[in-house]
Every structure is written in structure tokens, then in C-alpha cells.
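Working notes for the structure below.
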Amino acid sequence: MLYTIPIFSQLEGVMKHVLNFFHSSIGLPWAWSIVATTVVVRMILVPLTIRQIHSMQNLQKHAPQMKEIQKKYKQDRQKQNEELMKFYRENNINPAASCLPMLAQLPVFIALYYTLKHFNENFGIKPNSHVDLSFLHFIPSISDHTTSHWGGFVLLFVYVASQMASSFFMMTTTDKMQRVLFMVMPLFFVFVIAHFPAGLVLYWVTTNLWTVGQGLITRRLVGKTPAPVIERRSSRTPPKDDGSSGNGAKSEAQPPQPPSASQRPRQVRRKKKRTSRR
Amino acid sequence: MTAVSRIPSLLGVGLIWVWRLTFGALFPTTCKYHPSCSEYAVQSLRRHGLVRGSVLAGWRLLRCNPWSRGGFDPVR
Chain A
14 MLYTIPIFSQ LEGVMKHVLN FFHSSIGLPW AWSIVATTVV VRMILVPLTI
64 RQIHSMQNLQ KHAPQMKEIQ KKYKQDRQKQ NEELMKFYRE NNINPAASCL
114 PMLAQLPVFI ALYYTLKHFN ENFGIKPNSH VDLSFLHFIP SISDHTTSHW
164 GGFVLLFVYV ASQMASSFFM MTTTDKMQRV LFMVMPLFFV FVIAHFPAGL
214 VLYWVTTNLW TVGQGLITRR LVGKTPAPVI ERRSSRTPPK DDGSSGNGAK
264 SEAQPPQPPS ASQRPRQVRR KKKRTSRR
Chain B
28 MTAVSRIPSL LGVGLIWVWR LTFGALFPTT CKYHPSCSEY AVQSLRRHGL
78 VRGSVLAGWR LLRCNPWSRG GFDPVR
């Protein structure tokens, strides 16, 4: 029914050309063309990932203060969220997750679904002709339903494992209930995905594995940033805030805070250095 | 709004629920805004009807990208 919407057939047309390029021009088997397409899609999304790594580093820096806010508004979830969002804005934090990149993967998924569904018609394959649609010797055909062969169950198992692993890396929430929910979700979703063509599950497994790899690299990069000392940060934030907001009224409203005893000597020393250089 | 004029926006809300239960469940991401994009869409559809509500929700989705700052952003 949904197929009657023109955009779906257009998406299918694009995916057909992409798969055909990998198969006919580069010479990959059909199943590996799907893997290659997935990798290309994820490579296009890499700039977003780099941005996410920066966000995660920033989030980690401010983690202690955010925990304090969460503790303060433990009873009122709505208020807790609002305060957290305010804190993000004040400190120029960009939370790692956002909806648009997530939504960007939807057309790819739909396109692949329809391309695989009409695989034989799309690529002019006759029903009894011998075309290799297998994947790693355990999936006989990527256009068949996943559960039509024992290999499909292996693939579904890999899917659940990889989905759980990618959930683990992608999660930005610290809420325990939500974390558990996201980890358990693939166990339910597997019943839906079992009705899809095996090639679509292959797409999901590949994209999940990419996420896991990305997560591992991100962790390593984020782990390298030194954990900041809270006192040092409090002395650093005010000038940063003035510069980024550029809001004169805001700075006027705040009474000038007397520098603490630990800060004073440092500031004086800096001034002296500047004058001596000039 | 009368009950009849509410039907289109309720259809939109139904679609958002379909998204939430199917594809949305696949991605373990939380929105950078509060209320979240889907919650914002439900609220704006209820308040402004199908056409204006969808435009507002679409604009919010575009804002929910890695380069925006996020934060508290209720439906006006």
C-alpha cells in the first residue's frame, strides 16, 4: 500500500542504482554490495560523528555538575530536564544526541527494504536462474525472509548482540530505567525484523558494527581528555561566558565577584607578565 | 477546536505514535531539546492543527541537528 507513494519508488530507484554500481562496476557479490552501501552511508555521516565526539568530551567535563542538578531535582523529572537543558545552554554544551541524523537513516532503510522486496524484478533475475545471493555461506539468499533458513537465525542472533552493543555506546542518558529499556529493546524488535528480507538484517548488523567501532574509538579519544578539577573550572567559566554570549545586560546584572584567595595571585602574575612583554 | 476539526491532527499524532513504537524504538538516542522532538510534534499538532503543527514540528526536527545547541524549547 505504502508503495503507491511516489517517493518510495524513487528511493528504490536510487538504491537500485547504488547496489548495481557495487555489483556490476566494482564486481562485489550482491550481499557484499549491501555491506558496501552501508559503509558508504556511514562514512557520509562521519562529520556528524566527529561533532558527537566533541560533544561527548564536553559532556564528560561537566558531568559532576550535571549529577548535582539531577540530585537536586530528583523528585520532579520535568523540572530536572528543564534545569539540565538550561545548564547545557549556559555552558555551551551540545548534547551528543540529536534527532536529524537518526532520521536521515530512515530513507536508506526504506529504499533497501523495497529494493530487496522486488529484487528479482529490479535486477532482471529470472526465478530459476542461478544467481549468487548468498552471504558467507550461511545465508542462502539476501532477498528471502530471514527466517526461511537456519542461517537467518544466526544472523538474527548477531543482530541482537550488535544492537545491544551499539545501544551501549550510543546511549547518552544516565537514567537507569531508560538504559535497561534500550538494552532490552532488540529482544522485542527481533520479532519484527525476522519478517524482513535477510539483506535488510545484514544492513542493520553492518551499521550496528560500525556504531560499535565508532564507539570504541570515541571512548578512547574521550578517555584521553584529563578530568578537570572543579575549582579550576569555576575560575575559567566567567570570561568564557562573557565572550560567547556577548550580552552586555547579562554581565551587568551579575555583581562583580571578588576573586577567591587562590585566584588572586595568579591573576596578578598574568598581568605582570603581559606588561613586561610589552 | 471542534471534535471534527481535530481529526486531521489526531491522525498526525497517531503517526507519531507509530514512529515511536517502531523505528524510533530502534535508536537509543534521547533528544537534545526538552520537550523531545516527538513530544513537541504531538503538542504542536494538538495546539495548532495538522498544517501549522506539522510545519512547526518539521522546523524543530531541522533544528535538532549536531550543530544546534539544544535546550528548553516548548511549543509556543
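Same order as they appear, the protein sequences are chains A and B. So the first sequence is numbered by the numbering used here: it starts at 14 and just counts up by one. So the second sequence is numbered by the numbering used here: it starts at 28 and just counts up by one. Think of the CB as a built atom: it goes at the ideal place given N, C-alpha and C, for glycine as much as any other residue. None of the values given here were measured: they were computed from a predicted structure.
Contact between the segment 112 to 124 of chain A and the segment 137 to 151 of chain A is absent: fewer than three C-beta pairs spanning the two stretches fall below 8 Å.
For a cut-off of 8 Å, the C-beta gap from A/ASN33 to A/PHE132 is around 12 Å, too long to register as a contact.
Nearest C-alpha to A/ILE47 among A/LEU229, A/PHE181 and A/ALA211: A/ALA211. When CB distances to chain A are screened at a threshold of 9 Å, the residues of the segment 69 to 96 of chain B falling below it are ARG87, LEU88, LEU89, ARG90, CYS91, ASN92, PRO93, TRP94, SER95 and ARG96, in chain order. Taking the beta carbon of A/PRO114 as reference, the chain B residues within 7 Å of it are PRO93, listed in sequence order. Secondary-structure assignment with DSSP links B/TYR60 through a beta bridge to B/GLY98.
In chain B, no part has a C-beta under 9 Å from the C-beta of A/LEU215; the shortest such distance is about 15 Å. From the beta-carbon of B/GLY98, the residues of chain A found nearer than 8 Å are MET98, LYS99, TYR101 and ARG102. In the structure shown, A/HIS67 adopts helical secondary structure according to DSSP, grouped into three states. Straight through space, the alpha carbons of A/ARG102 and B/SER95 are spaced by roughly 10 Å. Interface with chain B (9 Å Cβ-Cβ cutoff): A/GLU81 is excluded.
Listed along chain B, no residue sits closer than 9 Å to A/GLU25 by beta-carbon distance, the nearest being about 18 Å off. DSSP, reduced to helix, strand and coil, places A/ILE152 within a strand of the structure shown. B/LEU88 has its alpha-carbon roughly 33 Å from the corresponding atom of A/ALA44.
Of the candidates A/LYS189, A/MET177 and A/THR219, A/MET177 places its Cα closest to the Cα of A/PRO199. In this structure, A/THR128 sits away from A/VAL214, with a CB-CB distance that is not shorter than 9 Å.
In the DSSP assignment, A/HIS158 forms a beta bridge with A/PRO210.
Straight-line measurement puts the Cα of A/PHE21 at about 19 Å from the Cα of A/THR51.
Of A/TYR216, A/HIS208 and A/SER175, the smallest CA-CA separation from A/VAL197 is found for A/SER175. The residues HIS75, GLN78, MET79, ILE82 and ILE106, in chain order, have a CB closer than 8 Å to that of A/PHE100 in the same chain once the five nearest residues on each side in sequence are set aside. Boundaries of the alpha helix (DSSP H) around A/ARG55: 43 to 57. A straight line joining the alpha-carbon of A/VAL225 with that of B/ARG33 spans about 44 Å.
Under the three-state reduction of DSSP, B/PRO93 is assigned to coil, being neither helix nor strand.
Chain order gives the chain B residues near A/LEU61 as PRO93, where near means a beta carbon separation below 7 Å. Near chain B, meaning a CB-to-CB distance below 7 Å, the residues of the segment 116 to 141 of chain A are LEU116 and LEU119. Within its own chain, the residues whose Cβ lies closer than 6 Å to the Cβ of B/PHE99, once the five positions on either side in sequence are excluded, are HIS61, listed in chain order. Spanning the alpha carbons of B/GLY39 and B/VAL102 requires a straight line of approximately 16 Å. Apart from sequence neighbours up to five positions away, the residues of its chain that approach B/PRO35 with a beta-carbon distance below 6 Å are LEU77, ordered along the chain. Remark: C-beta atoms of A/ARG55 and A/TRP223 approach each other more closely than 9 Å.
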